[in-house]
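Numbering (the working numbering), first residue to last: 373 to 1041. All C-beta atoms in this analysis are idealised placements derived from N, C-alpha and C, irrespective of residue type, glycine included. Data block below; observations after.
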Amino acid sequence: MRKNSRNGELKKVSSSNYNRVLLTEVLPYEIPILLTNEGFYARSISLANKGLLGAILGPHKETHPFQYKIVKTANSYRTLHLIHPSSQRDFVSFYKTYHSLMCGLTSRSEYSLRAPAEVAAKYYESDNSLRDNSLKDEGTEANVDDGLAVQFKYASSFFLYKKYAFLYKFYDSYEFHRIEKKFKRLLKFDISKCFDNISTKRLAETVKNELYHKEHFSKNNFENKFSLLMEQANFGRNDGLVIGPEFSRIFAEIVLQGIDNKVLQKTLGIRGSFEVRRYVDDYFLFYNDERVGKHVLEEFQSSLEEVKLYLNESKISRHKAPFLTGITMAKKDIQDIFSALFDTFDESKKSVTPDGETPETTDSYADQPEEKITFIKFFKGPSIVANRLIRDIKAVVRSNEIEFENITGYFFTVIKNKIHEVYGYSGGLDDVQQDNVLKFLLVIIDVAFFVYSMDVRVRSTFLISQISILCCRIAKLMKPIYGEEILRKIQDEIIFIIKNRSSDKIASGVEVVNLLIALREISDNHDLISEEDISKFIFNEETKNIKDLNYFQVISVLFYIKNNPTYDQLKSKIKVLALQKISTQRASVYSESAHALLDLVRCPYVDRAFKNRLVARAFELEFGRKPTSSEVKNEYKNMCTADWFVDWSENGIKIERLLQKKELKTPYE
């Protein structure tokens, strides 16, 4: 297997390892950094099938997902689902049996831009965490469009996807430009609350037909099994899908491809006078004649309504060629802003490779041309440069009539890439160069945290966390006089946000708990914020007044406060409320209770007596009687031998690795 010493190597996936479904298909993207399923995956081969653990993880039952909200835009939220561990396990055997058929059923539409193409055969193992420099916006985690079947380490996806890894790649593609040459009008529309409104009954009607479905309702076939698993994971509901897991996207894709083909058949007579492309539930209709555009739109509207799906009337938009949106223009403007900034770099040192090595000492660089290191030459102070950049970015947003959330993914990726470049050459710099790097990072940190404050969503928190940690890595390569100022700047920016932002009363808090986790990573175990600041930031209450919490808040706050007695009151409150939740929601049914119980029993920051109470209460609720002391001991032993969903280990590079893993997955669009 060929290896690239700078970037890593390709490795084969074990074709018989279907347990990797637990790593790729069942978790939403928008969860705390700490939540990985890696422990659950490692345990899945030899899990106990009796006692309390057996009851919790027993297969083929209706379970209640943990339902939570995230910030979607400045004025809206999205509901997501973390399904029960037992339901997650059920999908392993389903994928094992039906993976080929799933690919076949998602390859029937010529309109689709994103669909499983084949089971991934390889993954990519990087040799440097946080080294992915591709310009990613929102999108999918793998593609085969470039002719290279790649699956990433940390399990980005079970399948490879066609055609485009990210929606912006379609806009930049030869296919899009060919269509643009032929058609001068574009109509964009999407489905209103698509996943909320898809009935599980629609799968069989799509795969076969409605009459067949009614006559073979109880048959043990693909469509009925898939529908049943979807319902069991959603507490028996058949109206709407759990939102977040990748398998829900696949379910929806099969249904929507059925709609695609129905419209295609109805419009065969005018084929050639329009083109349609669909990315999940976003449609792109290209045409020249307004009558054709109206007719095709009506056919989609009619076919969707037959399965109780409806267009989002407020988001129908019409465009004329050239098809440039405000978002596209804004990204170009941001690129120009950064180009002007980076053009002020002073080409001050030649023939130096990353980490201060010379070309002669590194074989992989021996045949490469002489490289130059570039650093900003500031004619004004960093704060003046940062203020001007912030002003220019605000002007871009306003002049293109967009919102900050439309450009933050691109913006942060440009910044991250440039910091990677600086990090690669930070090992052997003289004082003048280190001073220039310091000024550069002070500008970038200022601007990045301003943009983040305008768009505090889950993905933007992941990205600002990556940028912060990478800046800290650069700081540690520099002399203390420079490095310590960088560290202080990052810490001050994060603490400012924590102290001046109360928690959102509607959202679950995933947006902000990840910032707390990142602060723990860059603070070297120094406690930089008070108990009351954490309570306000995470719970929007004083510690003594906290009355409710969720699983995400429990694991994230415990990870930050650890065993520091400064936070004893907050830890006591968390323990009381967590015990209350586990005492009232059966862990065999409720996903939140199951996750909280298993992770708390393993958590190193709560005492054994508390863990015993958790086990005893869960046992009593499950079996209707109090357990004996030996039963509690045995159940605890079964649960605590290894991590479950959270990696509690004290590992200095863990958060970086988990953030890299996040870069390989996709937000839920």
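Next on the checklist: Counting C-beta neighbours from all protein chains within 10 Å, is the total for A959 16 or more, i.e. buried, or is it exposed?
Outcome noted: buried
Checklist entry - What's the call for Q952, buried or exposed, on a 16-neighbour Cβ count within 10 Å? => result exposed
Item to check | Exposure label - T572; buried when at least 16 CB within 10 Å | outcome: buried
Checklist entry - For N409, which residues of its own chain have a beta-carbon under 8 Å away from its beta-carbon, when the five flanking residues on both sides are left out? => result L394, L395, V398, L399, Q460, F1017
Next on the checklist: What would DSSP say about V786, mapped onto helix, strand or coil?
Outcome noted: helix
Checklist entry - Whose CA, out of M474, K877, Y797, E482, lies closest to the CA of R649? => result E482
Checklist entry - In whole angstroms, what is the alpha-carbon distance linking R480 and Q629? => result 7 Å
Checklist entry - Comparing alpha-carbon positions, which option in D979, Y932, P437 lies nearest K947? => result D979
Checklist entry - Quick one, are the C-beta atoms of R574 and V627 less than 9 Å apart? => result yes
Item to check | Cβ-Cβ separation, R557 to N660 (assumed contact under 8 Å), whole Å | outcome: 6 Å
Next on the checklist: Give me the residue from L810, S448, H436 with the minimum Cα distance to C844.
Outcome noted: L810
Checklist entry - Among N808, L713, F911, which has the Cα closest to the Cα of A758? => result L713
Checklist entry - Can you name the start and end residues of the alpha helix (DSSP H) that T445 belongs to? => result From DSSP, T445 is part of no alpha helix (DSSP H) but of the beta strand (DSSP E) over 438-445.
Next on the checklist: By DSSP's criteria, T451 is part of a beta bridge. Which residues make up the other side?
Outcome noted: K441
Item to check | Q439 to P457 span [Cα, whole Å] | outcome: 14 Å
Item to check | Identity of the residue in F607, P617, E670 nearest I631 by Cα | outcome: E670
Next on the checklist: With the cut-off set at 9 Å, would you say D705 and F776 are in Cβ contact?
Outcome noted: no
Item to check | C-beta atoms of S928 and T915 nearer than 9 Å | outcome: no
Checklist entry - What span of residues does the beta strand (DSSP E) with R486 cover, start to end? => result 486-491
Checklist entry - Taking buried to mean at least 16 other C-beta atoms within 10 Å of its own C-beta, is T435 buried or exposed? => result buried
Item to check | Cβ neighbours of S620 in the same chain (closer than 7 Å, five flanking residues each side left out) | outcome: F567, L613, V614
Next on the checklist: Residues in the same chain with beta-carbon distance under 6 Å from E582, minus the five sequence neighbours each way, listed in chain order, please.
Outcome noted: The predicted position of E582 is uncertain, since its pLDDT is 48 and thus under 50; no value can be drawn from it.
Checklist entry - Apart from the five residues just before and just after D920, which ones in its own chain have a Cβ nearer than 8 Å to its Cβ? => result L949
Item to check | Delimiting residues of the alpha helix (DSSP H) encompassing K945 | outcome: 940-956
Item to check | Three-state secondary structure assigned by DSSP to H691 | outcome: strand
Item to check | In DSSP terms, what K680 is bridged to | outcome: Answer by DSSP bridge pairing: none, since K680 is not bridged.
Item to check | Residues sharing a beta bridge with E647, DSSP | outcome: F658
Checklist entry - For A1014, which residues of its own chain have a beta-carbon under 7 Å away from its beta-carbon, when the five flanking residues on both sides are left out? => result G411, A414, R415
Next on the checklist: I'd like to check one pair, E883 with N922: are the Cβ atoms closer than 9 Å?
Outcome noted: no
Item to check | Candidates L835, K877, L891, F834: closest to R860 by CA position | outcome: L891
Checklist entry - How many Å lie between I688 and I910 at the Cα? => result 37 Å
Checklist entry - Assuming L425 and E1007 make a contact with CB atoms under 8 Å, what is their CB distance in whole Å? => result 7 Å
Next on the checklist: Just to confirm before moving on: does the CB-CB distance between F982 and L406 stay below 9 Å?
Outcome noted: no
Checklist entry - Under 9 Å, do L681 and N569 count as touching if we go by C-beta distance? => result yes
Item to check | Runs of beta strand (DSSP E) wholly within the segment 771-857 (minimum 3 residues, chain order) | outcome: none
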